[in-house]
Amino acid sequence: MSQFIDIHPHVISDDESRYPPAPLFGKRSDWSQERPSTVDTLIEQMDAAGVAKAAVVHSSTTYGFDNSYVVDACNRFPDRLIAVGSVDVLAPDAVATIKDWVARGLAGLRVFTGGSTKEFDPSELDDPRAYPAWELLGELGLTMCIQTGPVGLPAVTALAKRFPNVPIILDHLARPDVTDGPPYAAAAGLFELAPIENIFMKLTPRIMGDSAKGAATPETWFPKLIEVFGAKRLAWGSNYPTSPGTLAEIKATAEARLASVSAEDREWVFARTAQSLYPQLRDVGARTEAA
1 MSQFIDIHPH VISDDESRYP PAPLFGKRSD WSQERPSTVD TLIEQMDAAG VAKAAVVHSS
61 TTYGFDNSYV VDACNRFPDR LIAVGSVDVL APDAVATIKD WVARGLAGLR VFTGGSTKEF
121 DPSELDDPRA YPAWELLGEL GLTMCIQTGP VGLPAVTALA KRFPNVPIIL DHLARPDVTD
181 GPPYAAAAGL FELAPIENIF MKLTPRIMGD SAKGAATPET WFPKLIEVFG AKRLAWGSNY
241 PTSPGTLAEI KATAEARLAS VSAEDREWVF ARTAQSLYPQ LRDVGARTEA A
């Protein structure tokens, strides 16, 4: 591997007066209180783990729609980090709000429909009130992450087809059930997304753990996933510090789980797909060549 790029770490400020918590849905996540990690800690963890760059995902369960900390934090390390934030895409002023955050440094968006503090509610996904925001993403060349489960896949499909020029990344692989093992019939809903080329998958500790549960094995699951989607649509995210362990430990587990796939495929999963989704994560020389 030439380098590793992480597209799903989080950061939490230790200055609550400057960055006051205001969690989405009114309930703050346990992890953000038990395992907070400032941007300085994240950089230390990246250095120790050998992670070159990261797309840092805003913590909606800490700050709601206030992206101030993730933007300010990433702006301190522009050669290493970019910020992925959240905006209320249903709000009448969503377009103006996105433009404002992008001007401050936001490099990608995320819709959080549920997770650690709330059951998934996909109703806000394929909602016409959000269409102007999605159209803007296409104009600006920004990627959208979606946090949902299998219940949200029909809405994701509709959005992806309506806005084919907006890359969509499914956080945590949209949480498929893989415990039935090969041929992984329970994940059929996920596999049905394969023909929709602007949908990408984020591989995080959740699937790393699930791939070794029940009848699933990493040696059968990850080759199947690559067979269906291709490695160019898969990218690794650590979920640090939401998932327990050091970043080095999380990365080592991911490497072990993907040991059975080819070196080229691992190159895409651990770096190149991230760079295709977020061009700012390319090396300076590579960006110049691409331009």
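The numbers in the UniProt record's numbering rise by one with no breaks, and the one at position 156 of the sequence shown is 156.
Yeah, the Cβ is synthetic: ideal placement off N, Cα and C, and Gly gets one too.
Who are residue i's beta bridge partners in DSSP?
| i | result |
| --- | --- |
| W236 | L203 |
| C74 | C74 is not bridged to any residue. |
| A54 | D6, L81 |
| R110 | S86, C145 |
Would you check if the distance between the CB atom of residue i and the CB atom of residue j is smaller than 9 Å?
| i | j | result |
| --- | --- | --- |
| V56 | A83 | yes |
| F229 | M201 | yes |
| V111 | V89 | yes |
| A248 | L203 | no |
| M144 | P164 | no |
| D177 | A215 | no |
| D171 | I146 | yes |
| L153 | L193 | yes |
| residue 292 | E124 | Limits of the chain in this structure are 1 at one end and 291 at the other, which puts residue 292 out of reach. |
| T217 | A49 | no |
| K224 | P195 | no |
| P150 | A185 | no |
| F77 | V39 | yes |
| N75 | G26 | no |
| I7 | A73 | no |
| L24 | S86 | yes |
| A231 | S2 | no |
| R233 | E197 | yes |
| K99 | L136 | yes |
| Q275 | R266 | no |
On a Cα-Cα basis, can you pick out the residue from the options that is closest to residue i?
| i | options | result |
| --- | --- | --- |
| A256 | A48, P205, W101 | P205 |
| V5 | L81, S211, A158 | Here residue 5 turns out to be Ile, not Val, going by the sequence shown. Comparing Cα-Cα distances from I5 to each of L81, S211, A158, the minimum goes to L81. |
| V51 | Y240, E264, P218 | Y240 |
| T242 | H10, W268, L142 | H10 |
| D66 | S37, K53, T97 | T97 |
| A254 | K232, D283, F222 | F222 |
| Q33 | A22, T62, S17 | T62 |
| G141 | G189, Y278, R162, K53 | Y278 |
| G64 | E44, S29, T41 | S29 |
| A107 | D93, E135, T148, H58 | H58 |
| R35 | P244, E267, A212, S276 | P244 |
| I226 | V261, W31, D100 | V261 |
| P21 | S60, I43, S37 | S60 |
| V156 | G138, L137, I199, E135 | I199 |
| S211 | L258, A252, I169 | L258 |
| I43 | K213, L136, I12, A188 | I12 |
| E139 | V95, T148, L159 | V95 |
For the beta strand (DSSP E) containing residue i, list its first residue and its last residue.
| i | result |
| --- | --- |
| I169 | 168-170 |
Please state whether DSSP places residue i in a helix, a strand or coil.
| i | result |
| --- | --- |
| L281 | helix |
| Q275 | helix |
| F270 | helix |
| I98 | helix |
| T62 | helix |
| F163 | coil |
| S184 | The displayed chain sequence assigns Tyr, not Ser, to residue 184. Residue state, collapsed to three classes: coil. |
| L42 | helix |
| V209 | The sequence given here places Gly at residue 209; Val does not occur at that position. The answer is helix: DSSP assigns G209 an H, G or I state. |
| G115 | With a pLDDT of 49 at G115, under the threshold of 50, the predicted position of this residue should be treated as unreliable, though the coordinate-derived value follows. Here G115 sits in coil by DSSP. |
| A49 | helix |
| Y19 | coil |
| A290 | At A290, the pLDDT of 44 sits below 50, so the modelled position is not reliable; the number obtained from the coordinates is stated separately. Helix at A290. |
| V156 | helix |
| G189 | helix |
| S260 | coil |
| E124 | helix |
| D265 | helix |
| P150 | helix |
| S68 | helix |
Distance cutoff 9 Å, beta carbons only. Does residue i sit that close to anything in chain C?
| i | result |
| --- | --- |
| L137 | Here chain C cannot be found, since the structure has a single protein chain. |
Assuming residue i is part of the alpha helix (DSSP H), what are its boundary residues?
| i | result |
| --- | --- |
| I146 | Premise fails: I146 lies in the beta strand (DSSP E), 144-147, not in any alpha helix (DSSP H). |
| I226 | 218-229 |
| I12 | Premise fails: I12 is in no alpha helix (DSSP H) and is neither H nor E. |
| Y131 | 131-140 |
| L247 | 247-257 |
| L173 | Unbroken run through L173: none, as it is neither H nor E. |
| E34 | 30-34 |
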